[in-house]
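A short worksheet on the structure shown next.
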Amino acid sequence: MFLFLCFCLQCTNGHIACSECRTNAEYSCSLCAEPANTRCDIMERVLGGMTAPCSFREFGCSATIPFTKKLTHEESCLHAPCHCPIPYCRLYANRGQCLREHIETKHCLVPYGDATFGSLSPVRVCDSEPARLVFLDARAVFLLVVERSGPSGRAVSVVQLVSEPVKEEEEEKDFKYKIQVHTRAGVLSLSGETQSVGRLMRPYQAAASLFVSDFVWSPQDSPVYLEFK
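By the UniProt record's numbering, the letter at position 126 of the sequence shown is numbered 126, and the numbering carries on one by one without gaps.
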């Protein structure tokens with residue numbers, strides 16, 4: 001008996017389509033417009049006997065998987081590439097490595113700063129720096145991400161770097177943050193709950209970010225103030 005990620009449908013004229021192409025209960029064949037509501041057992045058995053290499057072979061996975069289980073395998077494959085928030089990196093081979101380990105080994109030149117729990121701490125960010133590690137006493141490690149946002153500004157966000165699997169002491173700590181930037185136009189700030197990241201399986205997208213225009217952020221190496229509670 002096969003476990004299918006999708007099933008095959010056949011219209012009255014014999015044309016076949018997978019269930020992914022079916023957009024509604026009264027699906028019509030895209031070739032002849034006839035109803036296509038009949039399962040095609042023969043084609044499903046053919047697919048069930050086929051195998052395919054993992055899509056992450058170039059990242060080190062040598063597995064050959066039954067076609068019908070390929071997506072399930074790839075969702076949990078330890079060789080699936082992970083994404084890095086640092087702009088010039090983006091993708092790295094997983095190999096069981098969490099984002100913090102990746103940054104500490106591959107981006108060892110990323111500068112770091114310190115923050116004190118419960119108070120606004122200045123973290124200096126130079127114009128060319130895309131990120132900075134921030135150590136909160138002995139409690140946690142955060143990554144301050146500074147991305148170009150269009151031609152005229154930068155988006156500032158922060159994430160907590162955690163182990164994967166998450167350690168028990170990390171599960172117990174939910175932090176709230178405040179980002180504050182002093183500009184020519186006044187003080188800009190953003191508050192929220194920190195996003196915890198072990199591995200990024202998709203491109204980094206901040207839950208929230210503080211946009212600062214280049215025109216008002218001066219001098220451009222002025223500190224970003226961070227507070228964690």
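Glycine is no exception: its CB is placed at the ideal position from the N, C-alpha and C atoms.
Here the structure is a predicted model, which means the values were calculated and not measured.
Under the criterion of beta carbons closer than 8 angstroms, Arg124 and Asp221 qualify as touching, at roughly 6 angstroms. Take the alpha-carbon of Leu161 and the one of Glu74: they are about 24 angstroms apart. Nearest to Phe56 by C-alpha distance, out of Ser213, Ala33, Leu91, is Leu91. Contact annotation: the region 205-224 touches the region 136-155, with at least three C-beta pairs closer than 8 angstroms. Lys176 carries a strand assignment under DSSP once its states are collapsed to helix, strand and coil. By the beta-carbon neighbour count (other beta carbons within 10 angstroms, threshold 16), Ser157 is buried.
The shortest CA-to-CA distance from Ala138 to any of Gly48, Ser149, Asp127, Thr116 is the one to Thr116. In this structure, Gly198 places its C-beta atom within 8 angstroms of the C-beta atom of Ser163. For Ser189, DSSP records a beta bridge to Gln180. Look at Ile42 here: in three-state DSSP terms it is helix. The region 78-88 and the region 37-56 touch, with three or more beta-carbon pairs separated by less than 8 angstroms. For Ser149, the three-state secondary structure derived from DSSP is coil. In the same chain as Ala206, and ignoring 5 residues on each side of it, the C-beta atoms closer than 6 angstroms to its own belong to Ser157, in chain order. According to the DSSP assignment, Ser76 belongs to the alpha helix (DSSP H) that extends over 70-76.
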